[in-house]
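Below is one structure, written out as structure tokens, with a few remarks after it.
Numbering (mature numbering (1 follows the signal peptide of the UniProt record, and there is no 0)), first residue to last: -19 to -1, 1 to 347.
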């Protein structure tokens, strides 16, 4: 009996079952990592990476399970699916996250309810930060759904309050940069350029952000002040930003603002606008970077729109950004918002309807 084949089979079978169960437990306990889908700017290919997404002074990094860090660029990211969050039920979170993908009011409301319930139980700072980020993002998406209705302004301002609260509470984490981008996007659509300038001023001073993002925040502050025609404040912010800008696209963009702001401080008569536009166009001949060219054409649009007789020139400048030099989605969005205003002023109903569709598509990509 001691050496019975039957007993041996039983032992092997049970042992196999135990090994299988043990393996299942290990698999079940393995943490779910962040999934980040990115698009290569050079060839347009997409790929999905997994790891722990972190924003440090060294940049945006995805740290894999074997501790290898990959540097990422926010502008290349198409989608972020967060992994496990401390103190947060994974099944409930994933269900809410999937509801967001359906992009309907009903599903956004369901996701918001779930996130709010999870937030009540969460104590971990990183988990609370991300849940608050998702709640503010849903408030923004709900406003986007009503973009063409009378309720839009009310909903957009409500979403902005959530972003203001988020950015007051949190000063670190990858969510902070995307929160600033989304809040600024709403401010642009609401025409709140002074508020956008204050937002970017505060972001540019966050010590936990890498230097390139702090510089980009400073550029956005200059842009918002320029758009609000606060040229003196824009010149001051510009002077500070230029001290940190080395040779490259960031400095090229700042030098374009420098040219425009210095001339604007002297007054923008039709003749002055024409002279300044020609100077910018001369610089355009030497600029090849799409983002820099987008900035140049957006500046031209801002100048032309100050002369009622040159509204169509402004239109063409913004169209260059929206349709050709649109690798920077946020520059394209700013141009699209201005185009919507121009088509309303020109009473061009056909283009107005088309532009609303275009703006809707842009919002979904931001």
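Positions of the beta carbon are idealized from the N, C-alpha and C atoms, including for glycine.
*Check the C-beta distance from residue 231 over to residue 196 and give it rounded, since I have them as a contact under 8 angstroms.*
6 angstroms
*Alpha carbon to alpha carbon, how far is residue 143 from residue 102? Give it in angstroms, no decimals.*
20 angstroms
*Excluding the five sequence neighbours on either side, which residues of its own chain have a C-beta within less than 8 angstroms of the C-beta of residue 107, listed in chain order?*
66, 67 and 154
*Hey, how far is the Cα of residue 373 from the Cα of residue 236?*
The requested residue 373 does not occur in the structure, where the chain is confined to residues -19 to 347.
*Does the count of Cβ pairs from the stretch 32 to 52 and the stretch 160 to 178 closer than 8 angstroms reach three?*
no
*asked:* Please classify residue 39 as buried or exposed, where buried requires at least 16 other C-beta atoms within 10 Å of its C-beta.
replied: exposed
_Chain-order list of residues whose beta-carbon lies under 8 angstroms from that of residue 183 (same chain, five-residue window excluded)_ = 148
*What separation, rounded to the nearest whole angstrom, lies between the Cα atoms of residue 179 and residue 202?*
C-alpha separation (whole angstroms): 7 angstroms.
*Are residue 15 and residue 62 closer than 8 angstroms when you measure CB to CB?*
yes
*Contact check, residue 298 vs residue 278 under 8 angstroms by CB: the rounded distance?*
Indeed, because the Cβ distance is near 5 angstroms, the residues count as touching under 8 angstroms.
_Sequence-distant residues of its chain with Cβ nearer than 6 angstroms to residue 177 (five each side left out)_ = When the five nearest sequence neighbours on each side are left out, the beta carbons in the same chain lying within less than 6 angstroms of the beta carbon of residue 177 are those of 165, 168 and 205, in order along the chain.
*Which stretch, first to last residue, makes up the alpha helix (DSSP H) that contains residue 50?*
Looking at the DSSP string, residue 50 is not in any alpha helix (DSSP H); the run it does join, the beta strand (DSSP E), is 50 to 53.
_I'd like to know whether the C-beta atoms of residue 74 and residue 41 end up nearer to each other than 8 angstroms._
The answer is no: Cβ separation not under 8 angstroms.
*Rounded distance between the beta-carbons of residue 275 and residue 312, thought under 8 angstroms*: 4 angstroms
*Return the bridge partner residues of residue 16 from the DSSP annotation.*
31 and 62
*Provide the residue(s) that pair with residue 154 in DSSP beta bridges, ordered along the chain.*
According to DSSP, which records beta bridges pairwise, residue 154 is partnered with nothing at all.
_Cross-strand partners of residue 44 (DSSP beta bridge)_ = Residue 44 pairs with 33 and 50.
*How about residue 241 and residue 265: are their beta carbons less than 8 angstroms apart?*
no
_Nearest candidate by alpha-carbon position, reference residue 340, set 111, 46 and 316_ = 316
_Within 10 Å of its beta-carbon, does residue 345 have 16 or more other beta-carbons around it, so buried, or fewer, so exposed?_
Classification for residue 345: exposed.
_For residue 307, tell me which candidate among 94, 272 and 283 has the shortest Cα-Cα distance._
If we check each option's Cα against that of residue 307, 272 comes out closest.
_Beta-carbon gap between residue 118 and residue 163 smaller than 8 angstroms_ = With contacts defined as CB atoms closer than 8 angstroms, residue 118 and residue 163 qualify as a contacting pair.
_Collapsed DSSP secondary structure at residue 248 in the structure displayed_ = coil
*For the alpha helix (DSSP H) that residue 347 lies in, which residues bound it at each end?*
Segment: none, residue 347 is in no alpha helix (DSSP H) and carries neither H nor E.
*Can residue 59 and residue 93 be called in contact, C-beta distance under 8 angstroms?*
no
*Enclosing alpha helix (DSSP H) for residue 57 [first to last residue]*: Counting along the chain, residue 57 falls outside any alpha helix (DSSP H), and DSSP gives it neither H nor E.
_Assuming residue 320 and residue 300 are in contact, meaning their beta carbons sit under 8 angstroms apart, how far apart are those beta carbons, in whole angstroms?_
At roughly 7 angstroms, the Cβ-Cβ gap stays under 8 angstroms, so residue 320 and residue 300 are in contact.
*Identity of the residue in 228, 251, 248 and 222 nearest residue 238 by Cα*: 222
*Assign residue 327 to buried or exposed, taking buried as 16 or more other Cβ atoms, counted over all protein chains shown, within 10 Å of its Cβ.*
Counting Cβ neighbours within 10 Å, residue 327 comes out exposed, since fewer than 16 surround it.
*Classify residue 140 as buried or exposed, calling it buried when 16 or more other Cβ atoms lie within 10 Å of its own Cβ.*
Only buried fits residue 140, as 16 or more other CB atoms lie within 10 angstroms of its CB.
*Grab the span of the alpha helix (DSSP H) containing residue 79 for me, first residue to last.*
71 to 83
_Rounded Cβ spacing between residue 207 and residue 262 (contact assumed at less than 8 angstroms)_ = With a Cβ gap of about 18 angstroms, residue 207 and residue 262 do not count as contacting.
*Roughly how far, in whole angstroms, is the beta-carbon of residue 97 from the beta-carbon of residue 80, given that I think they are within contact range, below 8 angstroms?*
That belief does not hold up - the Cβ atoms of residue 97 and residue 80 are roughly 13 angstroms apart, past 8 angstroms.
*With DSSP run on the structure shown, which of helix, strand or coil describes residue 209?*
Reduced to three states, the DSSP call for residue 209 is coil.
*Measure the C-alpha to C-alpha separation of residue 134 and residue 337 and round it to an integer number of angstroms.*
15 angstroms
*asked:* Only counting the same chain, and skipping five residues up and downstream in sequence, which positions put a Cβ closer than 8 angstroms to that of residue 214?
replied: 178 and 206
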